[in-house]
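So for the sequence shown, the numbering used here puts the first residue at 339; every next one is plus one. From the three backbone atoms N, C-alpha and C, an ideal C-beta is built for every residue, glycine too. Data first, discussion second: the structure below is written as structure tokens.
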Amino acid sequence: MYVRAEEIDSQRQAPGPRGWPFVGVGPAYRVDPLSFLTRMQQQFGDIVTLPMGSRRRLFLLSDPAYVEQLLVAHASNYHSRDINRSAMEFLGDGLLNIDGETHRHDRALVQPSFSRRQVESYAAIMLDHTDTMLHRWKPNTEVSFRHEMQRLTLGIAAQAFFGLDLRHESAAFGDAFSRIIRYRPLTVIGVPRPKWDLPITAYGQMQRARAFLDEQIYARITQRRQQAIPGDIISSLVQAGMRDEQVRDHAMTFLAAGHETTANALAFAFYLFSTHASASTPLLQELAAELGNRDVVLDDLPRLPALDRFTRESLRLYPPAWIIGRRAVADDAIGNFRLPARSFAIASQWVMHRMPRYWPDPLAFRPDRWLPHEQGGQNIIPYTYFPFGGGPRTCIGMPFAQQELRLILARILQHYVPELVPGQRLVLEPHITLRPLRGTRMRLVPRLR
Ligand code: HEM
């Protein structure tokens, strides 16, 4: 019990729509969750009860104080495992799917692998893979940035977390991985897909891809047990005393959580770059003034504040992690409202990052709002902006991602000024992450240096 029973009795039921019999608002949510959640917040306020069918209720929290309560102050009352369980099942007992004491214990064990020094040591991998891509690109041709960024960040994550250089491997690893993360266990209206394990069904192909990846990962674990490599994540998990299955689940989670989000963030950033000349010019000017003809390196990052503001603002407008969900263990009270045990609570970066109450002209892409004297600089209200979450489950890869985003953006923009191919519309796909489904085809216009 998180608050006393009599206290909960005095709490009110949060407002919300009635929904349809049996299915509640489930279908409306699934068809277009971004608009639906935004509408619900606008219509009903900062805490909304959403009936999801089968007597399941979901609470949408959009007051920063409520979000702080969910992620930080009452964090131990909220579990993650039941959220997206079917979609994330292949991650096993990695950090995203474990709770309570097990989470605390394992998080402490893997934390050193994401220390500042360790993350800085990955800069060479990040830049090296970016250079390989730049060499492959041909000036004045068109590429899909979503596709290119996905390939790039998967390559970086596989090398950083598994010591596996996909540039020298067949495409099988990347293909298998994409097949698993693209698999949808439910149809759009929430009906479970049949689990026919045949080579031609989506489920069967996903299972085969998973078996292939497992084989690759277990082979690496066996190698590292025989010979540890300093600074290698699998080696450090093995040395921390984890069983093979635990190492597999953690490594798989780092790979999954660590590349798709970053790829989406980059694709969105380049889309915004190519569609907002006035916001992009200061960034190009800064790169030219600070670096001249020299390629960016890690030590340059602190001297590139416009790059920092550009990245922050992209993550505000298009947060790759667009929603955080939890399940209440015991009854709780959020503000003056009752949140019963076993109900689901969500906080949405998509909704919060675009609320006019906290963000003047919220839909405008304005990196300058992050200047020190502006609203985003100093006066930002905690939990109105949380692209990496917060509290004990804050993204463990945040320093890795922040470094990777800045290095890749800068290095590409030193060589090319990508121009959006005309006639495209950005189409968003909010699944586990928010990604650009279409609308990121760009022409690679070489930059004259
Ligand atoms: C732009 C890139 C990224 C974004 C926007 C992002 C966002 C997030 C968010 C919002 C959470 C919290 C989820 C929750 O509270 O339920 C999270 C957790 C996590 N992220 Fe990231 N992430 C990014 C990159 C990375 C990278 C590069 C890694 C590398 C390993 C990573 C690994 C993880 C892991 C393991 C967790 C679970 C942490 C825990 O529960 O203790 N992420 N991420």
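On the criterion of 16 or more Cβ atoms from any shown chain inside 10 Å, does Asp669 qualify as buried, or is it exposed? Buried, because 16 or more other Cβ atoms sit within 10 Å of the Cβ of Asp669.
Cα-Cα separation, Thr491 to Gln351: If I take the Cα positions, the gap works out to 44 Å.
Straight-line gap, Pro700 to Trp688 (C-alpha atoms, nearest Å): Taken atom to atom, the span from the alpha-carbon of Pro700 to that of Trp688 is near 11 Å.
Grab the span of the alpha helix (DSSP H) containing Ser482 for me, first residue to last. Under the DSSP assignment, Ser482 falls outside any alpha helix (DSSP H), being part of the beta strand (DSSP E) whose first and last residues are Glu480 to Ser482.
DSSP state of Phe397, grouped into three classes? In this structure, Phe397 counts as strand in the three-state DSSP scheme.
Counted within 10 angstroms of its Cβ, other Cβ atoms place Leu775 as buried (16 or more) or exposed: Exposed.
Within 8 Å, strictly: CB atoms of Pro568 and Ala644: In this structure, Pro568 sits away from Ala644, with a CB-CB distance that is not shorter than 8 Å.
Which value, in whole angstroms, describes the spacing of the CA atoms of Ala495 and Gly596? Spanning the two alpha carbons is a distance of roughly 7 Å.
Could you tell me which residues DSSP puts in a beta bridge with Ala413? Ala413 pairs with nothing; no bridge assigned.
Taking the runs of the alpha helix (DSSP H) that are 4 residues or longer, which of them lie wholly in the region 645 to 725? Every alpha helix (DSSP H) stretch that sits fully inside the region 645 to 725 and reaches 4 residues is listed by chain position as 687 to 690.
Should the region 746 to 760 be regarded as contacting the region 721 to 734, the criterion being three or more beta carbon pairs within less than 8 Å? No, because fewer than three Cβ pairs between the region 746 to 760 and the region 721 to 734 fall closer than 8 Å, the two stretches do not touch.
Cβ-heavy atom distance between Ala748 and the ligand HEM below 7 Å? Every heavy atom of the ligand HEM is 7 Å or more from the Cβ of Ala748, so no.
Secondary structure of Glu344, DSSP reduced to three states: Low confidence applies here, because Glu344 scores a pLDDT of 49, under 50, leaving its location unreliable; read the following figure in that light. Glu344 falls in the helix class under three-state DSSP.
Closer than 7 Å: Leu399 CB and nearest the ligand HEM heavy atom: Outside the cutoff, so no.
Just to check, is the beta-carbon of Leu766 closer than 7 Å to a non-hydrogen atom of the ligand HEM? No, the ligand HEM has no heavy atom inside 7 Å of this Cβ.
If you run the structure through DSSP and keep just helix, strand and coil, what is Pro789? No statement about residue 789 is possible, as the shown extent of the chain runs from 339 to 787 and does not include it.
So what does DSSP say about Gly630, is it helix, strand or coil? Gly630 carries a coil assignment under DSSP once its states are collapsed to helix, strand and coil.
Is the region 578 to 591 touching the region 718 to 729, taking contact as three or more C-beta pairs under 8 Å? Because the criterion of three Cβ pairs below 8 Å is not met, the region 578 to 591 and the region 718 to 729 do not touch.
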